[in-house]
């Protein structure tokens, strides 16, 4: 694996944890190393039908996939898609990331979103661009 962040990894993890959008949605990191993120569901996360809003589920998947690359460099999403398998009426959602292929500048990832009872809620695929130095846009 490439490791461009090196000693700054702790700082980058804190940047992810303290990001305004991530904080707004109250996403939590269980293990960046293993690509596991979660969110405890609150009323503000529900759509008008009382189920978890699809936007929150997508945010969880995209955040987990991108952050799972923190050990190899800076990253941005190139493309991502999501399949909603089951309506989420739950107390917690857990995102688990699998690296499909990581090259020098492109990474292909999958994310599986489960509820607290291990029911599959959604699957997502993501393609990410990896920078070896911090780009001007970040």
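Numbering (this note's numbering), first residue to last: 14 to 151. Virtual Cβ for every residue (Gly too), placed ideally from N, Cα, C.
### Task
Let me know the secondary structure DSSP gives residue 122 once reduced to three states.
strand
### Query
Closest by CA to residue 149, which one among 87, 77 and 63?
87
### Task
Identify, in the order they occur along the chain, each residue of the same chain with its Cβ nearer than 7 Å to the Cβ of residue 100, setting aside the five sequence neighbours on each side.
64
#### Entry: Element boundaries [beta strand (DSSP E), containing residue 90]
87-97
### Buried/exposed call for residue 91, threshold 16 Cβ in 10 Å
exposed
### Message
I need the straight-line Cα distance from residue 108 to residue 51, nearest angstrom please.
### Response
6 Å
### Query
What are the boundary residues of the alpha helix (DSSP H) that includes residue 76?
67-80
### Query
Which residues in the same chain have their Cβ closer than 7 Å to the Cβ of residue 113, if we skip the five residues on either side of it in sequence?
121, 122 and 123
### Bridge-paired residues (DSSP) for residue 128
106
#### Entry: Classification of residue 137 by the beta-carbon crowding that lies within 10 angstroms, buried from 16 upward
buried
### Message
Do residue 111 and residue 125 count as a contact pair if the criterion is CB distance below 9 Å?
### Response
yes
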